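One structure below.
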Amino acid sequence: MLTSQERGIWLQTLNWLRANHRSKHPVVVRSVKMRRDRCGDTELRCRLFLIRINSTLPLQSRVDTLLHEWAHAMAWYAPEHNDDHGPEWGVAHARIYSAWEKWTGEGK
Ligand SMILES: [Zn+2]
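Quick note: the sequence shown uses the numbering used here, first residue 126, plus one each step.
This is the structure we're talking about:
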């Protein structure tokens, strides 16, 4: 469970992603209980990206997972382009991550 302050950071991060890193399809993010060794995943369903994040993770891991999964939503152009970590994903992830570092001041 997140504290209310952590929940605020989580929602701000989501809003920031939605405003600054638009994907081709709408993105829905759900926090769900998953096995401990899973962080999250992304599926394309009916022109909608569904990102699931393991709700048992601490906030920083959840944010890292969210940035990782969001990059899939940015890089995933066609339904048959499946979930891997190829060059398009790498570029999307690097772009999101460095923008996020600037936004949060983490990169200083
Ligand atoms: Zn991945």
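Glycine residues also receive a C-beta, built at the ideal position from the N, C-alpha and C atoms. As the structure is a computational prediction, the values presented were derived from the model and not from experiment.
Near ligand 1: H197 beta-carbon under 7 angstroms from a heavy atom:
yes
Starting from the Cα of V216, find the closest Cα among V157, A196, E131 and I178 and give me that residue.
A196
In chain order, what residues of the same chain lie with their CB nearer than 7 angstroms to the CB of A224, ignoring the 5 residues before and after it?
N145
Is it buried or exposed, H210, if we count other Cβ atoms within 10 angstroms and call 16 or more buried?
Exposed: under 16 other Cβ atoms inside 10 Å.
Check: H193 C-beta below 7 angstroms from any heavy atom of ligand 1
Checking every heavy atom of ligand 1 against the Cβ of H193, one is found closer than 7 angstroms.
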